[in-house]
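Below you'll find the structure, written out as C-alpha cells, and then a few comments.
Number of protein chains: 2
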Amino acid sequence: MKVEIITIGDELLIGQVIDTNSTWIANQLTRHGFEVVAISSVGDCSENIINAIDIAFERADILLITGGVGPTNDDITKHTLCNYFHTALELNEDVLQNIESILSKRNLQLNKLTYNQAYVPASSNVIQNSEGTAPILWFEKEDKILVSMPGVPYEMQTSMDKDVIPMLVKRFQVTEYVSRSCIVTGVTESELASKLADFELLLPSGYSLAYLPSLGYIRLRLSVWGHEHLDELKQQMRNLKKTVKAHYVSKGCKLPEELLSEKLQNKNLTLSTAESCTGGHIAHKITVVPNASKYYIGSIVSYANSVKEQLLNVDKNTIELHGVVSNEVVEQMVINVSKTLNTNCSIAVSGYMGPDGGQKDQPVGTVWIATKYNDEILSQKHHLGLNREYNIERTANLAILQLIKMVGK
Amino acid sequence: MKVEIITIGDELLIGQVIDTNSTWIANQLTRHGFEVVAISSVGDCSENIINAIDIAFERADILLITGGVGPTNDDITKHTLCNYFHTALELNEDVLQNIESILSKRNLQLNKLTYNQAYVPASSNVIQNSEGTAPILWFEKEDKILVSMPGVPYEMQTSMDKDVIPMLVKRFQVTEYVSRSCIVTGVTESELASKLADFELLLPSGYSLAYLPSLGYIRLRLSVWGHEHLDELKQQMRNLKKTVKAHYVSKGCKLPEELLSEKLQNKNLTLSTAESCTGGHIAHKITVVPNASKYYIGSIVSYANSVKEQLLNVDKNTIELHGVVSNEVVEQMVINVSKTLNTNCSIAVSGYMGPDGGQKDQPVGTVWIATKYNDEILSQKHHLGLNREYNIERTANLAILQLIKMVGK
C-alpha cells in the first residue's frame, strides 16, 4: 500500500526548522509494511496545499499530513481540507471536552483560539489528540485516505502509535518489507563498495544494498520485500559480515551509544568520560539512552586546560612538552577519570575542532581518542575535516565505537 | 524566482536518515531572495525521480537536487538525468583530475567506482566538487535550470556557498524577502496568540506572523516580500516587543546558546556548568558555538549522586533531606561549580527525565534549574513531559535562557 507524507509550514520552506516528522512517520510506516513513495513539504498556502494533495493522490493511496493545525492565524490546513473535501466546520463536543481536560491538567484557561480548535470538518472522522488541543482528522474519498495530524512531534507520534497506525494496519493487508542493517567503521564508502562488489553481483534479484554514511561510520542496509525471504536475507547478512571483516562493528539499526549501553549492561561495567574538544557531547549521547544511570557515572568536561590539571590531574609538564592534543595527555585523562570516578571503562578525547585553532603540525581536525577497559588502554589519532559541528559529532561516534570494539571482543 | 528542492534516497523514505540538506538549502536560498515553493523526497528509482522532476518544473523555475550521486550501485541520479535530458555520459578530464587530487590528499587510491564518477552527462555544465569525488551538474532546458549535487552535507554546502548560489544570484534579479525574528519564553502558543491578536489585526497587508515553537521557547517571525518595507518591519517588531513584554528574550534568529555566547563575551564573563539530568547536553550546546573556549571553562557532569558529593561538594544530608531534585541541591551545585572552576556565571540542573524514575510527589518531568551571575542566584522549578529526549533538550534551552535573562538585564 503506497503512502505519501506531506508536511506543511512556511518554516520548512525558509529553512528555519528541520522536518523530523516525515522521517519519524516514514520509519514507522516502513516497519509496518507500508511503502512510502514520496515526502513533500509545502508552505501555509491553501492553493499549494491543494496542489500537493492532488499530486500525492496520483502516486499514493494513503496521505498523511502534518502541520498547520495550531490555534493561530498562520494555521490554515483545516480550512483548506474543508475546501478540498467540500465540507464545512462544525462544533464537536468530544473535541471540546478533550481540549478542556488537557488545559485543566496544565492549569490553563480555555480562550477563543483554543475553543475554535473544537470546530472540525463535518465529513471527517475525528481521532482525539491525547497530548494537545488539535484533533486528528481522518478523511476518505473513493479508495483514498487522508489523515491530518498536528505538527508538534510528540502529539503526532502519540496519535500515530495509539490510533493511526493500528487503524491503517487493520484496514490493509500489506506485504512486509524485511531488512537487516549493520555498522562498519574505518573504511571509506568507495573502499567498502569495492570490497562488496562481488557480494552485490551475487545477490538474488529483488535485493537492494544501501550505503548510509554517518559521521564516523557507515550503516549498510540489505533489504527485500516479502517476509518469505527472511532466512535467505539473514544468510546474506552473514556473508556480508565475512566480507567486510575487521571493519564490522555490530548488526542492527541501533545507534553506537545504544550498542554501548547494551554491551556495558551485559558485562556489568561502569563508564566515565573526560572530554575536552567534544565539550560534553559524548556524555550527552550516552545519557540520552534510557537507563544510562545504570552504568554511566559522570563526565569531567575539561574545556580549559586548568580543569585538565585541577580535576583530571594531567601533568602540566606533559601538556607543555607534548601539547594538549597528544597521546600522552589523553592517556592521562582516560586513566585519571576512571580512577577519580571509580569506573571499569572510560573515554577521553582532546582535539582541535575548528574553525580556528590548531597548531602548525596539528591542524584543525586533529584529534586523539583514548579508551580504557579494565587495565587495557587504546589510544588513536584521527585526522578529521574543518567543520566544527561535524568534527564534534564524528569524534563522539569514533570514541564510542572504539570502546564498543574493545569491550565487545 | 521560484525554487523546488528534491532530495533523493531510499534512506529518506524508510525514515533511516533525517533530511537536513533541504532545510539548509531552503535557508540559504531564502536569505538570497529566492522563494522555495516545495521540497520533495523520492527514492532511488528512476521513474519516480523523473516524475518528481516533471512535477517540480510545473511549479518552479529552478530545481536543486541532492543525493544519489555516490560511487555505489544504489546511486542512479546521474543516469536518470541522462535519460531526462536525452544525453549520454562522457569522460571529463577536469573531473578526473579533481578526483585524483582529492584522493591523493587523503592517501587513497583511485578505484574503478571512483573513476566512473569522472563520467558526466555531455549536455551538463560541470562544477568541480572541492570536497568530494562526485561533480556538481548544472543543466538548462528552455528557461528552467536543474542543478544536481551530492547528498553528503559538507560537499553540497561547500558547492552551494562557493558556486551554485553566486551563479544563481548573478543570473536572476530577485525580490528580497525581509523578515525579523525574536525569541519569547514562559508562555504557551495560544496564550501568546491571544496577546498578539490585536497586533496581528493591525498589521498592514502582505505581512505574515509565524509562530515557531521549540522546546522551551517560541520563535516569532514577522515577514514581508520587498526590501522597501524594511523600516516599517522594524517598527512593527518594536510594537511586537512591547506587546509580549516580560516574555521577550531577544531579537534575531540566533539559537539560545549563540545569544548566550554574545552576552558573555560582551561583558567579559566566564561560565561553568554542573549537570545532572541533562548529562552534558548544556555543555555540548555551549561548546558547539565557535570560540566557546573564550568564556566556557568546563562542566562537571554529576550523573551519579556520588559525583555530586565528591566533585561538587553537595552535602549528603541535603540530598537525603530534600531529595536530589530540589532547590537546595541545585543551589549547592551552582555555587560550588563556579567556586571550583572559578567562573562568574554558572548553570546547574537536576531532574527526572524519564521514561522511568521520579518520586511520588516529583514525577518524571520535574526539574530544578539554578543559574548564578556574580553573587545573584536564581532557582526555578519546571514541570515537563514524559519524553526523555525532549525533556533533556527543553531543560537545556530553559537553563540557557534563564541565564541569558539574568545576564542581559
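Chains A and B supply the protein sequences, listed in that same order.
Going by my numbering, the first sequence opens with residue 203, and the numbers climb by one from there.
Going by my numbering, the second sequence opens with residue 203, and the numbers climb by one from there.
No residue lacks a Cβ here, since even glycine has one placed at the ideal position from N, Cα and C.
Please go through the same chain and pick out, in chain order, the residues whose beta-carbon is closer than 8 angstroms to the beta-carbon of residue i, but skip the five residues on each side of it.
i	result
Gly559 of chain B	Val566
Val389 of chain B	Lys397, Ile420, Val446, His449
Pro258 of chain A	Residue 258 of chain A is actually Ala in this sequence, not Pro. Hits under 8 angstroms: Glu206, Ile208, Ala240, Ser242, Leu265.
Lys436 of chain A	Arg382
Ser540 of chain A	Ser474, Asn546, Cys547, Ser548, Lys574
Using the beta-carbon count (16 or more within 10 Å), is residue i buried or exposed?
i	result
Ala572 of chain B	buried
Leu473 of chain B	buried
Gly428 of chain B	exposed
Asn593 of chain B	buried
Thr360 of chain B	buried
Asp577 of chain A	exposed
Arg373 of chain B	exposed
Thr480 of chain A	buried
Asp400 of chain B	exposed
Pro557 of chain A	exposed
Asn599 of chain B	buried
Glu430 of chain B	exposed
Lys574 of chain A	buried
Ser425 of chain A	buried
Gly334 of chain B	buried
In the DSSP assignment, what residue or residues form a beta bridge with residue i?
i	result
Leu411 of chain A	A:Leu424
Ala550 of chain B	B:Ala476, B:Ala572
His234 of chain B	Note: His234 of chain B sits in no beta bridge, so no partner.
Asn327 of chain A	A:Trp340
Thr268 of chain B	B:Thr209, B:Met351
Ile579 of chain A	A:Lys574
His584 of chain B	B:Val569
Ala240 of chain B	A:Val244, B:Glu206
Tyr498 of chain A	A:Leu473
Tyr419 of chain A	A:Ser416
Val322 of chain B	B:Glu292
CB-CB under 7 angstroms to residue i, same chain, minus the five flanking residues each way: which ones, in chain order?
i	result
Ala320 of chain A	Leu293, Asn294, Val297, Leu298, Ile301
Asn223 of chain B	Thr209, Thr268, Gly353, Pro355, Met358
Thr289 of chain A	Pro323, Ala324, Ser325
Tyr498 of chain A	Leu473, Ile488, Thr489
Val371 of chain A	His234
Leu417 of chain B	Tyr592, Glu595, Arg596, Asn599
Could you tell me the boundaries of the beta strand (DSSP E) in which residue i lies?
i	result
Pro458 of chain B	No beta strand (DSSP E) holds Pro458 of chain B; the alpha helix (DSSP H) holding it covers 458-468.
Cys384 of chain B	379-386
Glu333 of chain A	Per DSSP, Glu333 of chain A belongs to no beta strand (DSSP E) and is neither H nor E.
Leu312 of chain B	Segment: none, Leu312 of chain B is in no beta strand (DSSP E) and carries neither H nor E.
Leu293 of chain B	291-293
Shortest alpha-carbon distance to residue i belongs to which of the options?
i	options	result
Asp345 of chain A	A:Gly270, A:Ser325, A:Cys384, A:Asp263	A:Asp263
Ser548 of chain A	A:Ala258, A:Thr232, A:Ile579, A:Val322	A:Ile579
Ala228 of chain A	B:Thr225, B:Asn229, B:Val244	B:Val244
Glu477 of chain B	A:Leu471, A:His486, A:Asn470	A:His486
Lys607 of chain B	B:Lys465, B:Ala494, B:Ser425	B:Lys465
Trp226 of chain B	B:Asn331, B:Glu213, B:Asn313, B:Asp363	B:Asp363
Ser350 of chain A	A:Ser552, A:His281, A:Ile537	A:His281
His584 of chain A	A:Ser552, A:Glu237, A:Gly610, A:Ser306	A:Ser552
Asn253 of chain B	B:Met203, B:Leu283, B:Arg596	B:Leu283
His483 of chain A	A:Ile502, A:Lys469, A:Val376, A:Asp433	A:Ile502
Ile255 of chain A	A:Glu237, A:Lys343, A:Thr377, A:Asn275	A:Lys343
Lys456 of chain A	A:Cys384, A:Leu405, A:Val526, A:Ser495	A:Cys384
Asn250 of chain B	B:Val238, B:Gly270, B:Gln561, B:Glu237	B:Gly270
Val328 of chain A	A:Thr568, A:Asp365, A:Val526	A:Asp365
Pro337 of chain A	A:Asn589, A:Gln561, A:Thr279	A:Thr279
Can you find the residues in the same chain that come closer than 6 angstroms, C-beta to C-beta, to residue i, ignoring five residues on each side of it along the sequence?
i	result
Ile602 of chain B	Pro458, Glu459, Leu462
Cys247 of chain B	none
Glu530 of chain B	Thr520, His524
Leu315 of chain A	Pro273
Alpha helix (DSSP H) containing residue i: first to last residue?
i	result
Ala610 of chain A	It is worth fixing the name first, because residue 610 of chain A is Gly in this sequence and not Ala. Looking at the DSSP string, the run of the alpha helix (DSSP H) that includes Gly610 of chain A is 590-610.
Ser452 of chain B	Segment 450-453 is the beta strand (DSSP E) holding Ser452 of chain B; no alpha helix (DSSP H) there.
Glu391 of chain A	391-397
Leu283 of chain A	279-286
Ala262 of chain A	Element bounds for Ala262 of chain A: n/a, residue is neither H nor E.
Lys443 of chain A	432-446
Lys487 of chain A	483-490
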